Amino acid sequence: MTEEQGLEVKKSMCFFCKPRCIQTVYVKDGRLVKVDPSPIKGCPRWRVTGEWFYHPDRLKFPRKRVGEKGQDKWEQISWDQALDEIAAKLQETREKYGAEGVAVTAGTSRTYEELNSRFLNLFGSPNQVGQGQICHGNSAVVATMVYGWWPYWMSTEKLENTQCILMIGRDPRPSHQTIWEGMLEAQKRGAKLIAVDPRRSSVAARADLWLQLRPGTDCALLMSMINVIIEEELYDKEFVTQWCHGFEELRERAGEYPPEQAEEITWVPADKIRAAARMFATHRPSCAIEGMGVAHQPHSLGALQARHIISAIVGNIDVAGGEELLGPAPFITEHEIELAEALPEEQRGKMLGADRYRLYTWPGYDLIQRQNVERVWGKRCDMYGYTCMATAPALYRAIAYGQPYPVKALITLSSNPMVTQGNTKLVYKALKRLGFYVVVDYFMTPSAELADYVLPAACWLERDFLFNYHNTTPVMIAGEAALPSTVPGEYDRRTDFEFWRGLGIRLGQEEYWPWETVEEYYDDRLKPMGLTFKELVEMGRWAPERKYKKYEEMGFGTPTGKIELTSTVLEQLGYDPLPRYKEPPESPISTPELSKKYPFILITGARFLPFFHSEFRQVETLRKMHPHPLCEIHPETAKKLGIEEGDWVWIESPRGRIMQKCKYFEGIDPRVVHAQHGWWYPEMPGEEPWLHGVWISNINVLTDDDLDHCDEALGSWPLKTLQCRVYKAGRYEAAPPLPL
Ligand code: SF4
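The working numbering applies: residue 353 is where the sequence shown begins, and numbers increase by one.
This is the structure:
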């Protein structure tokens, strides 16, 4: 199709999931005609772009609550009225409770995230939270602490050159198909594949070696592999001597994890641990790719430290096919936009969680990024919120109980904490107790139902976007808005750029919001490269020439200038500088009494198609592909419990119970159960008590966010190491009234 046929052809950036494909979009008279197929073969979502965009339930105009909270009664208002009233409420809250009484929560990169931070830093609040601690944030912080930069995790180039892939707790087939396809190509040319996963994931099914470990024991497993590599002298002696700090201390600590001992902890046979260590160390360059299996642990620090150390000791750093440290982008980066230092010193100390989870919050950020990374690289490696963010469980407690101080106002951007945040009961209590709650999203959600204002967000088809993999790489891609975000009389949606700028101007931040449009904002950021946003859209992608082993000229961005096998940052922050395995707070070993009642290890969070976290349940085409939440149980276990495949079952933890459908799965240990995350039922009523069925199948009703159970340095909460029991739902309880 061409412009002669009256069609405009636009290049937009799809946000439906992580790869951020540049999609060709055809538009006529301001309406979407079609979208070209996704470059990702297995993607099920591009086909429903129109169905999603024109879904009757998509939010169209700002709305303000008129009934009681949770009654789903609203009046339509204008954007100006909404912004005026929200700004006035934020100002009132700041005057009464201090700026820290206002917080922001955002989801998985649906927004101009650097602008959330910019607004909040200028406003004076340190309390921005998100999913960073249970997403790539943990890895970003730990990698930057160990290497002085975060290796480019989305890199498919490294897969083109690697000889061995160590995939830890990651299944890219449903979660990140570009990595999946790169991995398949690597295998075709002979690269080895090691999978570390308690489930027989798509990766595990294709692996040369599958290490089926007990959930939450990754640190012990990796330290044991490090032990083998050191004991058998398979490490890169020259690199370690010249470029690594603290090797002897590491040798001593790894000595505590001989494979036979690790087998007892991890359930992985000692000979497999040895084989994996040898494979990883002798097929170089090798690379490790970790996923949420590691981030979702109560002690993710040790596991992530070990994951980065294992790459370092075999010399896989900043080489083709290894851990690529690409350095900062040559344009104005996200951290420069965030204005982190605009947050007054006194306010930084008030960041919720900064007193105990010091690595992820201000103390660690200052030490890692400002004092070291910036010193060496000239810029920081700071994915938004992935290196400096308040801790969500601490925030929800502050809202619910006013401790250590009250938080009274919350803004949620394109996220759904009632479904995606651990411990839904606490989140519910907090959202109900909030003095003031604003949600900006695409659809009504269980969280939005508890808001005072709900504002319609412009989606990827309605907004320009510039993406450089969160400033971990100088590679840049750009997508343009294909459709108007406002059609008079039909809908009036705005980008979060317009939202934050609108609030900023009303709250005395005028001088910091000089750009009238997103395009102007991006033009300004690209100026140092002599490019405009439109030119970058035309180019599609900009990437510098790869240069490796840059450390030979500049060292590493760490306090010692070397890779820190023993972390001086952790020492300075008062933590153990080396990885040490710790038993999860809830496990057959640490809580044997509890485990009598709840005998199975519950894991959650494995990605599955066609959904993306809590999204797309209202899109009929996709829902028909996957109508119900599924709980994977080993057939042996299920039969003992009298559960047939397809039965609705109750999954119960010490915190509550929910219902999902049983799926027999031989690829899971009989002692482990996996339940899907992200489930709610948009088709069910929005008002309380239904809240779109948020209590029926939502796994976070069962998860734990006790502050003592979160990672001591990172603040991540456990999603993979919970105890549960499972039983068949009664005849009249089963099959909730789901119309689809
Ligand atoms: S849904 Fe994901 S894989 Fe599919 S086109 Fe969009 S970004 Fe690419």
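Even glycine gets a Cβ: it sits at the ideal position worked out from N, Cα and C. Here the structure is a predicted model, which means the values were calculated and not measured.
Counting along the chain, where does the beta strand (DSSP E) carrying valine 400 start and finish?
-> For valine 400, there is no enclosing beta strand (DSSP E), since its DSSP letter is neither H nor E.
May I ask you to check if the CB of tryptophan 729 is nearer than 7 Å to at least one heavy atom of the ligand SF4?
-> Checking the Cβ of tryptophan 729 against the ligand SF4 gives no.
Cα-Cα separation between phenylalanine 885 and phenylalanine 683, rounded to whole angstroms | A direct Cα-to-Cα measurement between phenylalanine 885 and phenylalanine 683 gives close to 12 Å.
Run the CB neighbour count on aspartate 549, radius 10 Å, all protein chains shown included, and call it buried at 16 or more, exposed below.
-> Burial call: buried.
Exposed or buried, which one is serine 390 when buried takes at least 16 other CB atoms within 10 Å?
-> With 16 or more other Cβ atoms within 10 Å, it is buried.
Just tell me which of Met577, Lys589, Ala681 has its CA closest to the CA of methionine 631.
-> In terms of CA proximity to methionine 631, Met577 leads the group Met577, Lys589, Ala681.
Thinking C-alpha only, which one of Arg845, Trp1031, Ile582 is nearest glutamine 428?
-> Here the closest residue by C-alpha is Arg845.
With DSSP as the reference, please indicate the residues paired to alanine 455 in a beta bridge.
-> Partner(s): Leu762.
Should isoleucine 684 be counted as a contact of the ligand SF4 given a C-beta to heavy atom distance under 7 Å?
-> Result no, Cβ not under 7 Å from the ligand SF4.
Contact between the region 885-904 and the region 671-682: three or more CB pairs below 8 Å?
-> Contact holds between the region 885-904 and the region 671-682, because three or more Cβ pairs, one in each stretch, are under 8 Å apart.
Using three-state DSSP, classify tryptophan 865 as helix, strand or coil.
-> Residue state, collapsed to three classes: coil.
Secondary structure of glutamate 533, DSSP reduced to three states = Reduced to three states, the DSSP call for glutamate 533 is helix.
Between leucine 878 and leucine 765, what straight-line distance do the alpha-carbon atoms span, to the nearest angstrom?
-> Going from the Cα of leucine 878 to the Cα of leucine 765 covers about 26 Å.
Contacting residues, own chain, Cβ-Cβ under 7 Å from leucine 982 (five flanking each side not counted) | Cβ neighbours of leucine 982 beyond the five flanking positions: Gln1012, Lys1013, Lys1015, Gln1028.
Nearest-angstrom Cα separation, counted from methionine 519 out to proline 1070 | Each residue's alpha carbon lies about 20 Å from the other.
Segments assigned alpha helix (DSSP H), at least 4 residues, entirely inside the region 911-953 | Listed in chain order, the complete alpha helix (DSSP H) runs (minimum 4 residues) inside the region 911-953 are 920-925, 944-949.
Who are the Cβ neighbours of serine 939 in its own chain at under 8 Å, not counting the five residues just before and after it?
-> Shown here for serine 939: same chain residues with a beta carbon closer than 8 Å to its own, the five before and five after excluded, namely Gly568, Ser947, Ile953, Thr1073, Gln1075 in chain order.
Are the region 796-807 and the region 406-419 in contact at 8 Å, needing three or more beta carbon pairs?
-> Enough Cβ pairs lie closer than 8 Å, so yes.
Reference alanine 543; option with closest CA among Ser554, Ser553, Ala559, Gln529 | Selected option, being the one with the closest Cα: Ala559.
Give, in chain order, every unbroken run of the beta strand (DSSP E) that is at least 3 residues long and sits entirely within the region 1002-1079.
-> Considered as a whole, the region 1002-1079 harbours 1008-1016, 1024-1027 as its complete beta strand (DSSP E) runs of no fewer than 3 residues, in chain order.
Which residues mark the beginning and the end of the alpha helix (DSSP H) in which valine 580 is found?
-> It spans 570-583 - the alpha helix (DSSP H) in which valine 580 sits, taken as one unbroken run.
CB of cysteine 811 to nearest heavy atom of the ligand SF4: below 7 Å?
-> False, no ligand heavy atom lies under 7 Å from that Cβ.
With DSSP as the reference, please indicate the residues paired to cysteine 596 in a beta bridge.
-> For cysteine 596, which the question treats as bridged, DSSP gives the partners Ile915.
Collapsed DSSP secondary structure at aspartate 804 in the structure displayed = Reduced to three states, the DSSP call for aspartate 804 is coil.
Start-to-end residues for the alpha helix (DSSP H) that takes in lysine 702 | Here lysine 702 belongs to no alpha helix (DSSP H), and DSSP marks it neither H nor E.
Is arginine 710 buried or exposed, if buried means 16 or more other CB atoms sit within 10 Å of its CB?
-> When all chains shown are included, arginine 710 counts as buried.
Contact under 8 Å by Cβ, valine 771 with proline 798 | At a Cβ-Cβ threshold of 8 Å, valine 771 and proline 798 count as neighbours.
With a 10 Å radius around its C-beta and 16 neighbouring C-beta atoms as the bar for buried, classify glutamate 686 as buried or exposed.
-> By the neighbour-count definition (other C-beta atoms within 10 Å, threshold 16), glutamate 686 is a buried residue.
Can you say whether glutamate 690 is buried or exposed, counting buried as having 16 or more other CB atoms within 10 angstroms of its CB?
-> By the 10 Å Cβ count, glutamate 690 comes out buried.
Around the ligand SF4, what residues have a beta-carbon under 5 Å from a heavy atom of it, in chain order?
-> So the residues near the ligand SF4 by this Cβ test are Cys366, Phe368, Cys369, Pro371, Cys373, Ser390, Ile392, Cys395, Arg397, Trp398.
With DSSP collapsed to three states, give me the class of arginine 893.
-> Strand.
Rounded to whole angstroms, what's the CA-CA distance from glutamate 537 to cysteine 369? Just pull it up for me.
-> Taking the straight line joining both Cα atoms gives about 22 Å.
Per-residue DSSP class, three states only, for glycine 489 = It is helical.
Reference asparagine 468; option with closest CA among Ile763, Glu984, Ala830, Lys992 | Nearest option by C-alpha distance: Ile763.
Taking all protein chains shown into account, do 16 or more other C-beta atoms lie within 10 angstroms of the C-beta of methionine 977, making it buried, or fewer, making it exposed?
-> Counting Cβ neighbours within 10 Å, methionine 977 comes out exposed, since fewer than 16 surround it.
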